[in-house]
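Read through the structure below, which is laid out as structure tokens, and then see the notes.
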Amino acid sequence: TDAAGATPTPTDAAGATPTSTPIPTPVLSGNFSEGAPGSAFTFTATGLPPATNLFIRINGVLLAAQIRSDAVGDATFVLSTTEQAAVGKYTTEVGIVQTIPSTRLQQAALASARYTLAADAPVRVPAAGSPPPIIIPASIAPLDPSTLQRVYLPFVVRQM
């Protein structure tokens with residue numbers, strides 16, 4: 015209702031074509047999928063909320079460092095592993111979880127990418143001009159293959 019207590023009536027401008035505003039899907043991509051312990055990986059996130067502080071998680075462990083998306087919702091950051099890091103698979107997540115005050119519902123914008131540390135892989139170094147690296151603590155363990163989600167599908171055989 016407006017100040018006079020009346021409920022405004024929606025109007026349709028003649029000939030107006032409704033348009034939709036697409037909501038971008040957050041995407042995180044890394045420059046390498048594999049490197050030796052001691053490697054640095056550069057990640058680029060797109061489709062995130064603009065000008066927002068974002069968290070970084072490695073295998074579910076929240077890092078103390080935060081990054082900030084730019085005016086269009088993109089962010090670039092470098093994660094550096096230590097030489098003591100265990101070989102295995104790691105999942106990097108970047109995003110934000112916001113609570114909408116009026117509804118108390120949470121809204122999340124998350125993107126993830128994986129990299130593998132392998133003893134026989136080359137040591138990856140950041141490109142010149144990259145942002146300062148964020149050091150990943152060696153205490154973060156690689157993913158346990160037994161805890162990864164699996165989807166089991168039925169095996170169907172048709173006999174003629």
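In this text, residue positions in the sequence shown follow my numbering: the first is 15, and each later residue adds one.
Backbone N, C-alpha and C fix where the C-beta goes; we use that ideal spot for every residue, glycine too.
Quantities reported herein were computed from a predicted structural model and do not represent experimental measurements.
Residue(s) in a DSSP beta bridge with residue i
i, result
"I150", "In the DSSP output, where bridge partners are listed per residue, I150 has none listed."
"R82", "N67"
"T113", "Q120"
6 Å CB neighbourhood of residue i in its chain, flanking five on each side removed
i, result
"V111", "Q120, A122"
"S94", "A54, P147, I149"
"T66", "S83, I110"
"V137", "A50, G52, S53"
"I81", "L68, A89, F91"
"N45", "T56"
"Q98", "A152"
Local Cβ density within 10 Å of residue i, reported as buried at 16 or more and exposed below that
i, result
"S47", "exposed"
"T31", "exposed"
"L76", "exposed"
"I114", "exposed"
Expected contact under 8 Å - CB spacing of residue i and residue j to nearest Å
i, j, result
"A152", "T96", "5 Å"
"A127", "L42", "4 Å"
Nonlocal neighbours in the same chain, by C-beta distance under 8 Å from residue i, ignoring five residues either side
i, result
"P156", "N73, A100, V101, G102, K103, Y104, L131"
"P140", "A54, T56, V92, S94, P147"
Close Cβ partners of residue i (< 7 Å) along its chain, the five nearest in sequence each way excluded
i, result
"L124", "P40, E107, G109"
"I154", "I72, N73, V75"
"A14", "Given a span of 15 to 174 for the chain in the structure shown, any question on residue 14 remains unanswerable."
"A135", "E48, G49, A50"
Legend entry - Contact between the region 88-97 and the region 60-69 (3+ Cβ pairs under 8 Å): yes
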